[in-house]
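Single-structure report; data block below.
Protein chains: 6
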Amino acid sequence: MFRLPINDSIYLKLMLPKDAEILVSALKENQEQIKQWLIWAVNLPTVDVYKKEIIPTWLQKFANNNGFEAAIFVNDELAGMIGLHYIDWNNKTTEMGYWLGEKFQGKGIMTKTVEKLTDYCFEELELNRIMIRAVDENTKSRGIPIRIGFVEEGITREAQLLHGKYCDLVNYSLLRKDRN
Amino acid sequence: MFRLPINDSIYLKLMLPKDAEILVSALKENQEQIKQWLIWAVNLPTVDVYKKEIIPTWLQKFANNNGFEAAIFVNDELAGMIGLHYIDWNNKTTEMGYWLGEKFQGKGIMTKTVEKLTDYCFEELELNRIMIRAVDENTKSRGIPIRIGFVEEGITREAQLLHGKYCDLVNYSLLRKDRN
Amino acid sequence: MFRLPINDSIYLKLMLPKDAEILVSALKENQEQIKQWLIWAVNLPTVDVYKKEIIPTWLQKFANNNGFEAAIFVNDELAGMIGLHYIDWNNKTTEMGYWLGEKFQGKGIMTKTVEKLTDYCFEELELNRIMIRAVDENTKSRGIPIRIGFVEEGITREAQLLHGKYCDLVNYSLLRKDRN
Amino acid sequence: MFRLPINDSIYLKLMLPKDAEILVSALKENQEQIKQWLIWAVNLPTVDVYKKEIIPTWLQKFANNNGFEAAIFVNDELAGMIGLHYIDWNNKTTEMGYWLGEKFQGKGIMTKTVEKLTDYCFEELELNRIMIRAVDENTKSRGIPIRIGFVEEGITREAQLLHGKYCDLVNYSLLRKDRN
Amino acid sequence: MFRLPINDSIYLKLMLPKDAEILVSALKENQEQIKQWLIWAVNLPTVDVYKKEIIPTWLQKFANNNGFEAAIFVNDELAGMIGLHYIDWNNKTTEMGYWLGEKFQGKGIMTKTVEKLTDYCFEELELNRIMIRAVDENTKSRGIPIRIGFVEEGITREAQLLHGKYCDLVNYSLLRKDRN
Amino acid sequence: MFRLPINDSIYLKLMLPKDAEILVSALKENQEQIKQWLIWAVNLPTVDVYKKEIIPTWLQKFANNNGFEAAIFVNDELAGMIGLHYIDWNNKTTEMGYWLGEKFQGKGIMTKTVEKLTDYCFEELELNRIMIRAVDENTKSRGIPIRIGFVEEGITREAQLLHGKYCDLVNYSLLRKDRN
């Protein structure tokens, strides 16, 4: 119901429990791709778990003013998700994360979405720093912050255990001052 | 940040703690009018109480999937509030409540807003029944459901203690079947 | 253990977990009748659910000073239940609900009980308004408030989903001033 | 509202927040006596603290099925308090505590009350053991269990810090088998 | 990780969830002996229950500053457990409980441990009274407080339901003043 | 009471509420130095806040198996603090933080302590990665991980708001494989 408009065809939507079905359906369609980089996608939770546990947890994060996890809709179709994993109000920083379904890739959708959400973070939320982290080998995901002008800050070595192997994360950030 | 669009100039917005200032400012401007019918407006809570208690409680209601309380923005100015006070998912019913600042009245804004939110209740939330209750003497508020085609169902006698006097509420409802 | 005396042979009793057995036994005996009007009786919860969840929830309501659900005992036999579903202390209103086993019906037991509990609401709890709502077709239940002098206030259309069909509720109320 | 009858003139009553005034009034009248043995009576909490914290805590204990703290009414006047401080359902034991206002003393009221509550513990709650503990020097309090046939089990040395001095407690118990 | 040293070869350790395996293994080895006096040992909880429920509850008790339950390690092997079941900070009292594996018995380990923990209670925690209670027939357990100079205070009759039979507990205590 | 030994003269201690006084005393002595890099030290919380809020929160973190904050004792004097701010059990990573009083600096105490705690993280907790972050200009703090062989991974730009100015953090990490 409640949306954050990105452009004429794209908007973010805070999901309610009733949206569990379409979310799980989109996740299943893209499971092979997503689970490469996001470990929770190896064994997808059921619709019921999304309805009763995961979506309520996301809504709770929003209610706590500590970020959000929202669906990306493209022409009213659920295309992926994007979120602010937390907001550190003391230091005015946040971290963004996202995934996009395969058939929506290669059209600049995620770049546009991250760009617009970045504007919201600086202008509406008055944050000072946005971080994006991606697994070293995940070149598609790394392309997004690079395209928008995020700065590569360094590597976090073996930060994530993925399919039994520790992976390095590459850290990107955009500061308010970077935009002037 | 997250909005429910009503038309080109009107949208509802889920308020975050940082919105407490503009909300209290609008409330103060309209306090004389509001406090006639809504008892909490007699002694307006401070910005701090809105920031730390009331807005978080509203966000919590939304996170619990039990309705919401949202600001009505008209040309990006906070004009009033509207909400679904609760959602009874078992019986698929809800109750709507609202107030509108004086300078925004007489332009059909609230009628348009309630009408659109009514659509959302039936179509997105798939509810079956919407109730609006208004104090007997509050003719302006009673005008809204009448104009949209709500049915007057009866009186709830002395349902509300207002300025030391018990007031009757008039009950209006719209059912899914009323719209066919 | 703790009782509210109605007359020489009738009293209300706050149920403890250990009372789950006799309650479920009474519910089973009257299930056919009760489930016509109260949807939870279609699939009766087990003794264990009453012991560990439902009765503790009722006790919690009492502990929160927000009403109670009590058993009606007639000559030390569990005959039915009655409760104040909530208490709105700001507006000094409450809503009463009840059921009575078939073999106890037709003896004025519920009329007497509601009458006495009504006295308690006005005199001990100092409330101003008591509401009783009953499904339109449930003439037995509607007879109780009528007999005691409650005023019919109107219909709440399709307020309850019962056996797949939306039912209208008839609203009755008694105000402190009605009794003078 | 809810009572446990002791005899024609005495009953126990579960106190609601609204009863805070009469309770504090009785406590003030008897403060000198009570504070000799019960340390919390040295600085009596205010009516507001009883209303919002202490009475809700007592109701919570009852709701948790873990005992209760109730007022003793004699001819509808608040005469004192008695309670089961906890119930150990695994071992079927409890501990009783009480105080009685001075003008009600010397009439067998507390003896009668403890006796009847003892019956309830064995018969309704099906407990096996009831303990009463009293400060060594508090002969009045110690007289109650002695009169009813409780057995003195021993001393708990320096169990209670009272007015800056550690006091011994004398332990009395009554077992189900003691009554045969 | 965090330890309370008793002497060169003995220390107490606050157990973390990961320690569930070695604890259950020690319990199983000594189950026959322990279950004679501690009813929970009749049906030992699984490793998973220790990991997710029991050890977290013990850590919680420590976090609440309300005592602790710790493992006794002898030459880095888990030999038994000892704890302060609660701390009554108002009256400066606590109660100690323990068990020791059979192959560690008869070497003065528990006597040494209780003695040292007693010192901690008086010196670090500044308590005034320590109680130890043991089942009447459990002569081994009763030997510990006797050897250290605890005073026998009396019997708590039928305090514990053990294998379907109520058992008496013998109470021992040590006061600060006993040590001078 | 419970300690993690570092060497003959140094140990870590889980602080209890009663330790608030000595902690605040040490903090006050070193406030000028600490507040340069740790913003909470600008306005030191009172002893009472440490006793009732902060130390309980630290104990809670330990009870949740999510790290700890402990005091460093050198010859039984509180010299500073060290902690694991969180433990990410899924990815087997943690982050370490610390401060040391001025009069204890320059003696290798913190290097020794971090080194030993590092061993515990890898060996007892079986973690895979430890991170230490320090403000760019804080050369003393940065010296510790360098001396122990931590690897500098990069900068987190403007990660911390310190005295009205955003500061860069330098990230150091040690992996299990770095130690072979």
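As they're listed, the protein sequences go chains H, Z, G, Y, S and P.
Mapping the first sequence onto the UniProt record's numbering, position 53 (from 1) lands on 53, and the numbers just tick up by one.
Mapping the second sequence onto the UniProt record's numbering, position 139 (from 1) lands on 139, and the numbers just tick up by one.
Mapping the third sequence onto the UniProt record's numbering, position 11 (from 1) lands on 11, and the numbers just tick up by one.
Mapping the fourth sequence onto the UniProt record's numbering, position 152 (from 1) lands on 152, and the numbers just tick up by one.
Mapping the fifth sequence onto the UniProt record's numbering, position 153 (from 1) lands on 153, and the numbers just tick up by one.
Mapping the sixth sequence onto the UniProt record's numbering, position 63 (from 1) lands on 63, and the numbers just tick up by one.
For each residue, glycine too, the CB sits at the ideal point set by N, CA and C.
This one's a predicted model, so the numbers in the text were calculated from it and none came from an experiment.
Less than 9 Å between the beta carbons of residue i and residue j, yes or no?
| i | j | result |
| --- | --- | --- |
| Gly164(Y) | Asn171(S) | no |
| Met1(H) | Leu12(H) | no |
| Leu174(P) | Pro145(P) | yes |
| Trp37(G) | Leu161(G) | no |
| Asn7(P) | Lys107(P) | no |
| Gly83(H) | Gly97(H) | yes |
| Ile10(Z) | Ile109(Z) | yes |
Excluding the 5 residues flanking residue i on each side, which residues of the same chain have their C-beta closer than 7 Å to its C-beta?
| i | result |
| --- | --- |
| Arg147(H) | Thr111 |
| Gly149(S) | Leu174 and Asp178 |
| Leu78(H) | Ile22, Leu23, Ala26 and Ala71 |
| Asn118(H) | In the sequence as presented, Asn is not what sits at residue 118(H); that position holds Thr. Cβ neighbours of Thr118(H) beyond the five flanking positions: Ile130, Ile148 and Leu174. |
| Arg142(S) | Ala134 and Val170 |
| Gly67(H) | Lys61, Gly83, Leu84, His85, Tyr86, Ile87 and Thr94 |
Chain Y beta carbons: is any one of them nearer than 9 Å to that of residue i?
| i | result |
| --- | --- |
| Glu158(S) | yes |
| Ile39(S) | yes |
| Asn64(G) | yes |
Quick one: using the 10 Å Cβ neighbour count with 16 as the cut-off for buried, is residue i buried or exposed?
| i | result |
| --- | --- |
| Cys139(G) | As written in the sequence, residue 139(G) is Thr, which differs from the Cys given in the question. When all chains shown are included, Thr139(G) counts as exposed. |
| Val114(P) | buried |
| Asn128(Y) | buried |
| Trp58(P) | buried |
| Glu69(Z) | buried |
At least one CB of chain G closer than 9 Å to the CB of residue i: is that the case?
| i | result |
| --- | --- |
| Leu23(Y) | no |
| Leu4(Y) | yes |
| Ser173(Z) | yes |
| Ala79(Y) | no |
What are the boundary residues of the beta strand (DSSP E) that residue i is part of?
| i | result |
| --- | --- |
| Leu127(Y) | From DSSP, Leu127(Y) is part of no beta strand (DSSP E); its letter is neither H nor E. |
| Phe68(P) | Phe68 to Val74 |
| Trp99(P) | Thr93 to Leu100 |
| Pro5(S) | Arg3 to Pro5 |
| Ala79(S) | Glu77 to Asp88 |
| Arg176(G) | Note, Arg176(G): premise wrong, no beta strand (DSSP E); not H, not E. |
| Ile10(Z) | Ile10 to Leu14 |
So that I know if they touch, is there some Cβ in chain S lying closer than 9 Å to that of residue i?
| i | result |
| --- | --- |
| Met110(Y) | no |
| Tyr120(P) | yes |
| Leu161(Y) | yes |
Against chain P, with Cβ distances strictly below 9 Å, would residue i count as a contact?
| i | result |
| --- | --- |
| Leu59(S) | yes |
| Lys116(S) | no |
| Val151(H) | yes |
| Arg129(H) | yes |
| Tyr86(H) | no |
Taking only beta-carbon positions, decide if residue i is within less than 9 Å of chain H.
| i | result |
| --- | --- |
| Gly154(P) | yes |
| Lys177(P) | yes |
| Met96(Z) | no |
Sorted by chain position, which residues of the same chain lie with C-beta nearer than 6 Å to residue i's C-beta, five sequence neighbours on each side aside?
| i | result |
| --- | --- |
| Glu137(Y) | none |
| Leu4(S) | Leu12 |
| Gly80(P) | Ile72, Trp99, Leu100 and Gly101 |
| Tyr166(Z) | Glu158 |
| Thr93(Y) | Arg129 |
| Lys51(Y) | Pro17 and Ala20 |
Measure from the C-beta of residue i to each C-beta in chain Z and report whether the shortest distance is under 9 Å.
| i | result |
| --- | --- |
| Asn90(G) | yes |
| Leu14(H) | yes |
Would you say residue i touches the ligand FAD, meaning its beta carbon is less than 8 Å from a heavy atom?
| i | result |
| --- | --- |
| Met81(G) | In the structure on display, the ligand FAD does not appear, and there are no ligands present to speak of. |
Grab me the residues of residue i's own chain with a C-beta within less than 8 Å of its C-beta, minus the 5 sequence neighbours each way, in chain order.
| i | result |
| --- | --- |
| Ala41(H) | Leu27, Gln31, Ile34 and Lys35 |
| Asn91(P) | Asn128 and Arg129 |
| Glu53(S) | Pro45 |
So residue i is in the alpha helix (DSSP H); what residue range does that whole segment cover?
| i | result |
| --- | --- |
| Thr57(G) | Ile55 to Ala63 |
| Ala159(S) | That residue, Ala159(S), is in no alpha helix (DSSP H); its beta strand (DSSP E) goes Val151 to Leu162. |
| Leu23(Z) | Ala20 to Glu29 |
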